[in-house]
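K.L.:
In this note's numbering, the protein residues as written are 88 to 257.
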């Protein structure tokens, strides 16, 4: 039997596989390591790490604007680094991209430095008029795969970036 973090990662993987992603861009992360490892092992998915979140925004936006199925996967604390790229590039140029932001802070967080930013990240994104969804303990894990798919579909329909916040911690 797996625990919550493993089950949550498996649900995210299932949702991304249902989308049929072609590109998985990520900032290396210990909480999201099972998701990253899974897609690195998939021959039909090109995965690559980026050093900075805004680099990921540029790459994922470009891929999305050319009709490629791409996802960007990083910690929500990285939104502080990438909010300019999200608003002045992805939003301004109508890039239909999916950002999966791993929650820091909140339940299960061990690093006090992450609490303040993470707790305000959803509000910050919504203030910038970027649609945000939260998948955590309040949403049954069996609903996560379809929610990830729906977020991707919403991005495609609205031609805007969408951020899905994921709690992958115990």
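Ideal Cβ positions, reconstructed from N, Cα and C, are used throughout, including at glycine. As the structure is a computational prediction, the values presented were derived from the model and not from experiment.
According to DSSP, is residue 217 helix, strand or coil?
P.N.:
Residue 217: coil per DSSP, three-state reduction.
K.L.:
Whole angstroms is fine: what's the gap from residue 191's alpha carbon to residue 168's?
P.N.:
Residue 191 and residue 168: Cα-Cα distance of roughly 15 Å.
K.L.:
On the premise that residue 173 lies in contact with residue 251, defined as a C-beta separation below 8 Å, what is that separation, rounded to the nearest angstrom?
P.N.:
That belief does not hold up - the Cβ atoms of residue 251 and residue 173 are roughly 14 Å apart, past 8 Å.
K.L.:
In three-state terms, what does DSSP make of residue 241?
P.N.:
Three-state result, residue 241: helix.
K.L.:
Which same chain residues, not among the five before or five after residue 143, have their C-beta less than 6 Å away from its C-beta?
P.N.:
Cβ neighbours of residue 143 beyond the five flanking positions: 112, 137, 159.
K.L.:
Decide if residue 216 is buried, meaning its Cβ has at least 16 other Cβ atoms within 10 Å, or exposed.
P.N.:
Per the 10 Å Cβ criterion, exposed.
K.L.:
What would DSSP say about residue 113, mapped onto helix, strand or coil?
P.N.:
Residue state, collapsed to three classes: strand.
K.L.:
With 8 Å set as the bound, which would you pick, yes or no: does the beta-carbon of residue 177 sit closer than that to a beta-carbon of chain D?
P.N.:
Absent here is chain D; the protein component of the structure consists of one chain.
K.L.:
Could you tell me the distance, in whole angstroms, from the CA atom of residue 205 to the CA atom of residue 98?
P.N.:
Residue 205 and residue 98: Cα-Cα distance of roughly 22 Å.
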